[in-house]
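Residue numbers (this note's numbering), protein chains in the order written: chain S, 794 to 1046; chain W, 21 to 658; chain Z, 1325 to 1565.
Glycine included, each C-beta is placed from N, C-alpha and C at the ideal position.
This one's a predicted model, so the numbers in the text were calculated from it and none came from an experiment.
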Amino acid sequence: MDLTLRVWRQEGPDRPGAFEEYPAPGISSDASFVEMLDIVNDRLTLEGREPIAFEHDCREGICGSCGVMINGRAHGPQKGTATCQLHMRKFADGEVITVEPWRAAGFPILKDLVVDRTAFDRIIEAGGYIMVDTGSAPDANLIPVPQEAAEAVMDAAACIGCGACVAACPNSAAQLFTAAKVAHLNLLPQGQPERFTRVESMVETMESFFGSCSNHGECEQACPKSISLDFIALLNRDYIRAKWRNPRLAARH
Amino acid sequence: MQLDAKTPEGSLGEKWDNHRFSIPLVAPPNRRKFQVIVVGTGLAGAAAAATLGELGYNVKTFTYHDSNRRAHSIAAQGGINASKNYRNDGDSDYRLFYDTIKGGDYRSREANVYRLAQVSGEIIDQATAQGVPFGREYGGLLANRSFGGVQVSRTFYARGQTGQQLLLGAYQALARQIEAGTVTPFNRCEMLDLVVADGRAVGIVVRDLLTGEIGTHSAHAVVLATGGYSNVYFLSTNAKASNATAIWRAYRRGALFANPCFTQIHPTCIPQADEFQSKLTLMSESLRNDGRIWVPVQFDETRPAGQIPEDERDYYLERRYPAFGNLVPRDVASRAAKKEVDAGKGMGPMRNGVYLDFADAIGRLGRDTIEARYGNLFEMYERITGEDPYEVPMRIYPAPHYTMGGLWVDYDLMTTIPGLYTIGEANFSDHGANRLGASALMQGLADGYFILPNTIAAYLSEHLGTDPMPTDHPAFAAVVSEVEDRVQRLLSANGSRTVDWFHRELGKIVWEHCGMARSAVGLEKALVEIPVLEEEFFADVKIVGEGDSLNQTLEKAGRVADYFQLAELMCRDAVQREESCGGHFRVEYTTAEGEAKRNDDEFAFVAAWQFEGDGAEPCLVEEPLEFENVELKTRSYK
Amino acid sequence: MTITKDAPARRRYPWPIEFYRSAVGKKWVMAVTGIALLGYIVAHMLGNLKVYFGPEEIKQYGEALRDLGGDLVPRTNLLWILRIGLLGAALLHIHAAYSLTYTNWKARGGRYRERDYAAVTYASRTMRLTGTVVLLFVLFHLADFTWGVKPAATSEFFRGDIYANLVASFERLPVAVFYVIANLALGLHIYHGTWSLFQSLGWSHPRFNRWRRWLAAGLTLAVVAINLSFPIAVQVGILEI
Ligand SMILES: Cc1cc2nc3c(=O)[nH]c(=O)nc-3n(C[C@H](O)[C@H](O)[C@H](O)COP(=O)(O)OP(=O)(O)OC[C@H]3O[C@@H](n4cnc5c(N)ncnc54)[C@H](O)[C@@H]3O)c2cc1C
Ligand code: HEM
Ligand code: HEM
Ligand code: SF4
Ligand code: F3S
Ligand code: FES
């Protein structure tokens, strides 16, 4: 395939950026999107031009490192697919492909297509865990979890922390990511004791970096794990309940 | 040099207890006075750092990833073993121990493996309490699946994302300690060397990947949890950035490297599709439960699979191993596939795959059942290849997957450099010459949560009242200047070939000669070719950009640079080991039927290599393996 | 390392303020006030239908409103309470809307050169616009029918003669057109708003989730159809003095 890339190039965090165009002839339709970038980068290197910086690691849609805006869609046109799993056969020969980094104030651009997603770690640090010191756990089968609940938890826990939800959201809101993390823990019996303090501090930390949710639903469409908007409803409900209820009676949900 | 594994006294079952009792403790108020560096925040590193933080130690973590959640561990699919015996099917610590020793072809240490089995149950408890959503039965209790090479059902799983969920559990525990201030994370920060002074590990030298700044950190003890080195083959199932730099630098500073040639090739991966392919994707082992593996009888077959009649197909595993059929262990299945492809029976555009066919299973069980069992894998396959495995058989081929070799450690997980510990896939571990499915996650977490945080006290307690070595000590400056020179050397080559080009070439050599089948002739050839390629690399590699900002090519080049010598050491180790065992298959040492032939009389030892300086041959130190509890047998799957 | 700063330490405020300071809290307030406003719209719309039964019916209806509460409370008191409640709800709704708009505007990191939406609707993208149109409409509407301020109100404006005022007003073509546009905007606003409020309040259940969009569509259709019918009926001469 012969393609043309229109790529955002930016030297560093506070530098101005601009689009540059690179012809990408002779790309195999079996190549993945990141392999296509590899090829373009190798060619750039040999021409003595600096290769395009982009993040990737597992290349099988699980680590959440990769992720760029492709023709205006986070992770590109295929639903439920991370950039690294997207293959060039989804594009037309001769196509001009626009590639941009995630854009959100909470994700400052570091270089070219690489952004800083540390804000997600901050949200987790604010309470995205169950406090259990190593060694203090009871036998695993002491806490039965209904299978349906376990499945719902797994649906939420599948989030790979890629940030596409923020990138796709017109408000740059991180609601879907935070909701997925909160739901993962708040739906489990083990997560109940800290349920309300957790949601409060995670939401407030989230809001110090990101926008608010207007229920556009764009995030769910962009999410490579198709995390459901229903978890956002759950997040809102738990947050509101956290604000209204008496923390001393927290054990009674 | 004499290696002392420091195996504790007592019967197998008592050793760990005895040992824990004999370790001097560090009193809680004193723990805060100890600085511990943990490099790597995969399963092993995150678990260790979080636990050390909980205990009250002062921990610094380092990872080249942007977040602790992204380590390669996240990609593990199948599951994690534990001898819970929830199924009441005769499992026990002893059986898990036995299966692991046998699966490893009797090349691991009994005491370590038994301890692994002993703590395995606690890992499941810990992970469950953290909120890891393991699969459940309708009654709400934990479910299990079976894995290759064993007859009990002891594998716990979270859909096809067990590694992800376990890592998130450890990452969250670590996040909690970061919030509590006991752990300071240094992300996007790559360890480039180890500082050894006064005969012990005193700190590390790192490069900040965003600013390019070379920095130093000192501590009372350094823990390496930096994962395996399968990427030496270029094409592997490992994450692209996984690398050997940390352990390789430690080796060069005096830590012994054990069994480098013990690597695992996984039989069911999607074959390479073109020259530009950057990595290989694993298709879970579980597919072999329902898929039938075959190749055409005819050489250079050109018809599509569907048009090849039944009597012109060779179901070679069923034919050669009637008892186990398609479910023979990984190493056997891998070698058999290679044999067919080498014979010219490979299928697909590059003629490099064998068929894994579900037509019979779909006919027998219906498409819906197959979809329920493997839907997500089929989808993954379809996404990568563009072919629908419900309609045409999958094509699979073996790929490098795991490295059993690694830094030599004693029972305390300490390397031969005092104060330097290695955990997880980075150490030479408990898996001998072959790892059983679902045991790497178990080992990483056992090391991180339960073993290292206990054993490290033995070393630390000796250093109570001392400060970490100040980083303005000349020992640090010396290493820093070496690191800077290395970076400069790479940047200044300004040659004509890319880093990936060299990596690919190296990969081809290692795969060819130190991959699934090895021979003295081939290995000797590799030992000649690798140094030549290394020399070319340093002379002719091209890196554009500077060292003082984010430069991914430079990062990659530094990692590849360390692979050449590692590859050499692997070949050297493979030449030396004149037997076939586990993943190490020497064509010269086979039975009359062409199966692997172990030589317990001469090779029942751990081969630990000592660095003797550039240009000099490394020195082999043997740690004899004594088997007091199990009897050494030949594996047979006929 | 990272260039992301730590989350700023937050000062704690008394509970209601604390709640309203968070975006999720503001959205809750918007949803609750939105429901109140929606309730008014629906009731007002049903009440207005009485014009089709003639001048007397609608006048009586107006009186009945003023008599709300019967003899238990002084005349028009309850109506005033409702009015104040609605005004309060509207003010909160608007304040939250503008404040969230500002938050979201700050949270954005620049525009994408190319953008291809997969889920947003025209309605969801234009909430601020349609909300503002509705706000302007209400001001005009009050001037027209309640305060009788010219030129919004006609020169024939007579307080209490709802039917005559209405017909006189809608006979002016530009006014009729403005009503049509404003009610279309209102339709867009409540189409997204009605579905959105379920999410904001955390009302989510597999049993009714698939009805949320239908409810929004049905409500919008009813409100738009009925509200548009008045100016159109006057223009085509179905309603006349
Ligand atoms: C596709 C696949 C599937 C698998 N499935 C299973 C399975 O089902 N069951 C099972 O038991 N095992 C499985 N394994 C094996 C298992 O995943 C790994 O062995 C295990 O996760 C290794 O964990 P680790 O903590 O030792 O290292 P890793 O997870 O590799 O972590 C290494 C860490 O070290 C850091 N690091 C490395 N070098 C440096 C440096 N120089 N400076 C700073 N940081 C550094 C990295 O950033 C990372 O944080 C699978 C492996 C693969 C490839
Ligand atoms: C009678 C009039 C109105 C009704 C019935 C109404 C109703 C609603 C409802 C139900 C919502 C959804 C709330 C949620 O998602 O929780 C909403 C949202 C909104 N309203 Fe209104 N509203 C009215 C007037 C206004 C006015 C006058 C403005 C502003 C000028 C306004 C601006 C908004 C905005 C911007 C939102 C979206 C907020 C967000 O999602 O971030 N609305 N409205
Ligand atoms: C086309 C449709 C509409 C018609 C025919 C209509 C008609 C009227 C009339 C005749 C009055 C005066 C009632 C009286 O004095 O007792 C009135 C009052 C009012 N209308 Fe409407 N209206 C319409 C739509 C709307 C809409 C869409 C809104 C809000 C968004 C609205 C808000 C109000 C308000 C706030 C009052 C004042 C109520 C009071 O005095 O308490 N109207 N309307
Ligand atoms: S919710 Fe989806 S889009 Fe958002 S970070 Fe998680 S996986 Fe990525
Ligand atoms: S796209 Fe944005 S507005 Fe909410 S529903 Fe998703 S976060
Ligand atoms: S590279 Fe890991 S998710 Fe794409």
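Residue i burial status per 10 Å Cβ neighbour count (16 or more: buried)
{"i": "TYR6 (chain W)", "result": "A question about residue 6 (chain W) goes unanswered here, because the residues of chain W that appear run from 21 up to 658."}
{"i": "ALA639 (chain W)", "result": "Just to set this straight, residue 639 (chain W) is Cys in the shown sequence, not Ala. CYS639 (chain W) should be labelled exposed."}
{"i": "THR389 (chain W)", "result": "exposed"}
{"i": "GLY247 (chain W)", "result": "buried"}
{"i": "TYR1422 (chain Z)", "result": "exposed"}
{"i": "TYR1503 (chain Z)", "result": "buried"}
{"i": "VAL1548 (chain Z)", "result": "buried"}
{"i": "ALA343 (chain W)", "result": "exposed"}
Within 7 Å, strictly: CB atoms of residue i and residue j
{"i": "ILE1486 (chain Z)", "j": "ILE1365 (chain Z)", "result": "no"}
{"i": "VAL908 (chain S)", "j": "ILE902 (chain S)", "result": "yes"}
{"i": "GLY614 (chain W)", "j": "PHE167 (chain W)", "result": "no"}
{"i": "ILE563 (chain W)", "j": "LEU511 (chain W)", "result": "yes"}
{"i": "PHE282 (chain W)", "j": "HIS604 (chain W)", "result": "yes"}
{"i": "ASP850 (chain S)", "j": "ALA259 (chain W)", "result": "yes"}
{"i": "SER569 (chain W)", "j": "GLY232 (chain W)", "result": "yes"}
{"i": "HIS483 (chain W)", "j": "HIS92 (chain W)", "result": "no"}
{"i": "GLY183 (chain W)", "j": "ALA275 (chain W)", "result": "no"}
Under the three-state DSSP convention, the category residue i falls into
{"i": "HIS421 (chain W)", "result": "strand"}
{"i": "ARG384 (chain W)", "result": "helix"}
{"i": "HIS868 (chain S)", "result": "coil"}
{"i": "VAL556 (chain W)", "result": "Note on identity: in this sequence residue 556 (chain W) is Glu, with Val being the wrong assignment. Of the three classes helix, strand and coil, the one that applies to GLU556 (chain W) here is helix, per DSSP."}
{"i": "LYS974 (chain S)", "result": "helix"}
{"i": "MET211 (chain W)", "result": "strand"}
{"i": "ARG799 (chain S)", "result": "strand"}
{"i": "GLY326 (chain W)", "result": "helix"}
{"i": "ILE936 (chain S)", "result": "coil"}
{"i": "HIS1368 (chain Z)", "result": "helix"}
Residue nearest to residue i in terms of C-alpha spacing, selected from the options
{"i": "VAL412 (chain W)", "options": "W:PRO324, W:PRO342 and W:VAL352", "result": "W:PRO324"}
{"i": "THR1470 (chain Z)", "options": "Z:SER1493, Z:THR1450 and Z:GLY1517", "result": "Z:SER1493"}
{"i": "HIS880 (chain S)", "options": "W:ALA293, W:HIS483 and W:ILE437", "result": "W:ALA293"}
{"i": "ALA1355 (chain Z)", "options": "Z:PRO1498, Z:ALA1413 and Z:ALA1388", "result": "Z:ALA1413"}
{"i": "GLY542 (chain W)", "options": "W:CYS591, W:LEU553 and W:PRO153", "result": "W:CYS591"}
{"i": "ILE267 (chain W)", "options": "W:LEU547, W:GLU632 and W:LEU427", "result": "W:LEU427"}
{"i": "LYS1430 (chain Z)", "options": "S:SER858, S:ALA811, S:LEU978 and S:GLY1004", "result": "S:GLY1004"}
Below-7 Å beta-carbon distance, residue i vs any chain S residue
{"i": "GLU199 (chain W)", "result": "yes"}
{"i": "THR1454 (chain Z)", "result": "no"}
{"i": "ASP294 (chain W)", "result": "yes"}
{"i": "ARG179 (chain W)", "result": "yes"}
{"i": "PHE1532 (chain Z)", "result": "no"}
{"i": "ASP145 (chain W)", "result": "yes"}
Any C-beta of chain W under 7 Å from that of residue i
{"i": "GLU893 (chain S)", "result": "no"}
{"i": "MET1369 (chain Z)", "result": "no"}
{"i": "GLU843 (chain S)", "result": "yes"}
{"i": "TYR922 (chain S)", "result": "yes"}
{"i": "THR838 (chain S)", "result": "yes"}
Residue-chain proximity (residue i, chain Z), Cβ-Cβ < 7 Å
{"i": "ILE1025 (chain S)", "result": "yes"}
{"i": "ASP228 (chain W)", "result": "yes"}
{"i": "ASN979 (chain S)", "result": "no"}
{"i": "SER1005 (chain S)", "result": "yes"}
{"i": "ASN1029 (chain S)", "result": "yes"}
Contact list for residue i against chain A, beta-carbon separation under 7 Å
{"i": "MET1325 (chain Z)", "result": "Of the protein chains in this structure, namely S, W and Z, none is chain A."}
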